[in-house]
Amino acid sequence: MPDKSEFHRLKSLGFFLVIFTLASLSACAGPTSNTVLTEHNRLSDSAYDAIINFRAIDYDRLGAACLLASNEARAANGAKLVTHHPKLEFTGREYAKTMSRDQFFAHEHPTDPSQQTPEIRARNSGVKNPFIAENLALIQGYPVPNGTPVYVRQGGFSVTPDGPVIGPHTYRSVAKYVVQGWLDSPGHRRNLLSGDALQLGCGAALTSQGEMPMFLFVQNFQLYEPISE
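Taking this note's numbering as reference, the numbering of the sequence shown is continuous, increasing by one, and the terminal residue is 506.
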């Protein structure tokens, strides 16, 4: 049996966490199939061109876009494609919501033993044989270079006081941005391109950094053997 100490659990370098302004999020009843992924299984599909409305985020579409961008990265680097698993997506989405609610950013929950590690959280979602590699990220909801000061403008942001207004990410652009961030970090890249990875679920939650809407992303891979059903 693989030694779980070998699993990579790395948060994204260069994505910085500050005090959260909490956003209300609708609760999920449990793992369900991602119908967006079933209907639109290519990141080039027009379904992912939609601009993100922060008042009505389609989290199925966001999770699907993240998975497809991950598989695009794997294909481009000679790795086998991973398959979607709803229990992994549910695990990631619930943990993203938990980090937003409890105001922390880490692979281990600082106070709740019932969801402390990725394996425990996967078991809570019904995974009987969890071997989890987890990537985390916190990124802006607008395509602004990380660390760049921005000016709040009507309808968006700008990087200069009178510059053009930058609108929100689309589902495709935010997924490609977060996956590129993982690719640019050696530990995250190992997870993302691992030959041991078989299944994947991506979850996200909305939070904020001052005026800037932010997304917490959680990417959960099942390694070594498929999830027991």
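Even glycine gets a Cβ: it sits at the ideal position worked out from N, Cα and C.
*Take the Cβ of Ser505 as the centre, count every other Cβ of all protein chains shown within 10 Å, and call the residue buried at 16 or more, exposed below.*
The residue given as residue 505 occupies position 228 in the sequence shown. Burial call: exposed.
*Given a threshold of 16 other Cβ atoms within 10 Å of its Cβ, counted over all protein chains shown, does Leu469 qualify as buried or as exposed?*
Position 192 of the sequence shown holds residue 469. With 16 or more other Cβ atoms within 10 Å, it is buried.
*Where does Phe381 fall in DSSP's three states?*
In the sequence shown, residue 381 corresponds to position 104, counting from 1. Coil.
*Secondary structure at Gly546, three-state DSSP: helix, strand or coil?*
Since the first residue of the chain shown is 278 and the last is 506, residue 546 is not available in this structure.
*Compare the C-alpha of Ala346 against each of Lys364, Tyr372 and His317 and name the closest.*
By one-based count along the sequence shown, residue 346 stands at place 69. The shortest Cα separation from Ala346 among Lys364, Tyr372 and His317 belongs to His317.
*Would you list the residues sitting across from Pro490 in a DSSP beta bridge?*
Looking up residue 490 in the sequence shown gives position 213. Pro490 pairs with Ser485.
*By how many angstroms is the C-alpha of Tyr454 removed from the C-alpha of Ala356?*
By one-based count along the sequence shown, residue 356 stands at place 79. By one-based count along the sequence shown, residue 454 stands at place 177. C-alpha separation (whole angstroms): 20 Å.
_Any chain D beta carbon closer than 8 Å to Met491_ = As a matter of chain content, chain D is missing from the structure shown, which is built from one protein chain.
*Going by beta carbon distance, what residues of the same chain come within less than 7 Å of Glu438, once the five residues before and after it are set aside?*
In the sequence shown, the residue the question calls residue 438 occupies position 161. Per the sequence shown, residue 438 should be read as Pro rather than Glu. Once the five neighbours on either side are set aside, the close Cβ partners of Pro438 are Tyr428.
*Is the beta carbon of Gly478 sitting closer than 8 Å to the one on His361?*
The residue you call residue 478 lines up with position 201 of the sequence shown. The residue you call residue 361 lines up with position 84 of the sequence shown. A contact, by the Cβ cut-off of 8 Å.
_Three-state secondary structure (DSSP) of Phe297_ = Numbered from its first residue, the sequence shown carries residue 297 at position 20. Confidence is the limiting factor: at Phe297 the pLDDT is only 28, short of 50, which leaves the residue's position unreliable, though a coordinate-based value still follows. Coil, per DSSP.
*To which residues of the same chain is Ala481 closer than 6 Å at the C-beta, ignoring the five residues directly before and after it?*
The residue you call residue 481 lines up with position 204 of the sequence shown. Here the set comprises Leu339, Ala373, Phe492 and Phe494.
*Unbroken alpha helix (DSSP H) runs of length 4 or more, entirely within the region 308–370: which are they?*
312–316 and 336–353
_For a test of the three-state rule: what should DSSP assign to Asn412, helix, strand or coil?_
Locating residue 412 in the sequence shown gives position 135, where the first residue counts as 1. Strand, per DSSP.
*Proximity winner among Ser310, Thr312, Arg332 and Gly369, relative to Ala414 (alpha-carbon distances)*: The sequence position of residue 414 within the sequence shown is 137, counting from 1. Answer by Cα proximity: Gly369.
*Does the beta-carbon of Phe331 have 16 or more other beta-carbons within 10 angstroms, so that it is buried, or is it exposed?*
Within the sequence shown, numbered from 1, the residue matching residue 331 stands at position 54. So Phe331 ends up on the exposed side.
*Indicate whether Glu411 and Gln496 have their beta-carbon atoms separated by less than 8 Å.*
If you number the sequence shown from 1, residue 411 lands on position 134. If you number the sequence shown from 1, residue 496 lands on position 219. Closer than 8 Å, so yes.
*Would you check if the distance between the CB atom of Leu460 and the CB atom of Leu500 is smaller than 8 Å?*
For the purposes of this step, residue 460 is taken as residue 183 along the sequence shown, with counting starting at 1. For the purposes of this step, residue 500 is taken as residue 223 along the sequence shown, with counting starting at 1. Against a cut-off of 8 Å, the Cβ pair of Leu500 and Leu460 comes out as no contact.
*Taking DSSP as the reference, what is the three-state secondary structure of Ser303?*
Here the question's residue 303 lines up with position 26 in the sequence shown. Summary for Ser303: the model assigns pLDDT 33, below 50, so the residue's position carries little reliability; its value from the coordinates is reported in the next sentence. It is coil, neither helix nor strand.
*asked:* Taking a contact to mean a Cβ-Cβ separation below 8 Å, would you say Phe367 touches Met376 in this structure?
replied: Within the sequence shown, numbered from 1, the residue matching residue 367 stands at position 90. Within the sequence shown, numbered from 1, the residue matching residue 376 stands at position 99. Against a cut-off of 8 Å, the Cβ pair of Met376 and Phe367 comes out as no contact.
_Please report the distance separating the alpha-carbon of Pro503 from that of Val451._
Looking up residue 503 in the sequence shown gives position 226. Looking up residue 451 in the sequence shown gives position 174. Cα to Cα, the separation comes out at about 28 Å.
*Report buried or exposed for Val359, applying the criterion of at least 16 other Cβ atoms within 10 angstroms of its Cβ.*
Reading the sequence shown from its first residue, position 82 is the one you call residue 359. Flag for Val359 reads buried.
_If I measure Cβ to Cβ from Thr394 and keep anything under 7 Å in the same chain, skipping five residues before and after, which residues do I get?_
Here residue 394 is taken as the residue at index 117 of the sequence shown, counted from 1. Result list for Thr394: Glu385, in chain order.
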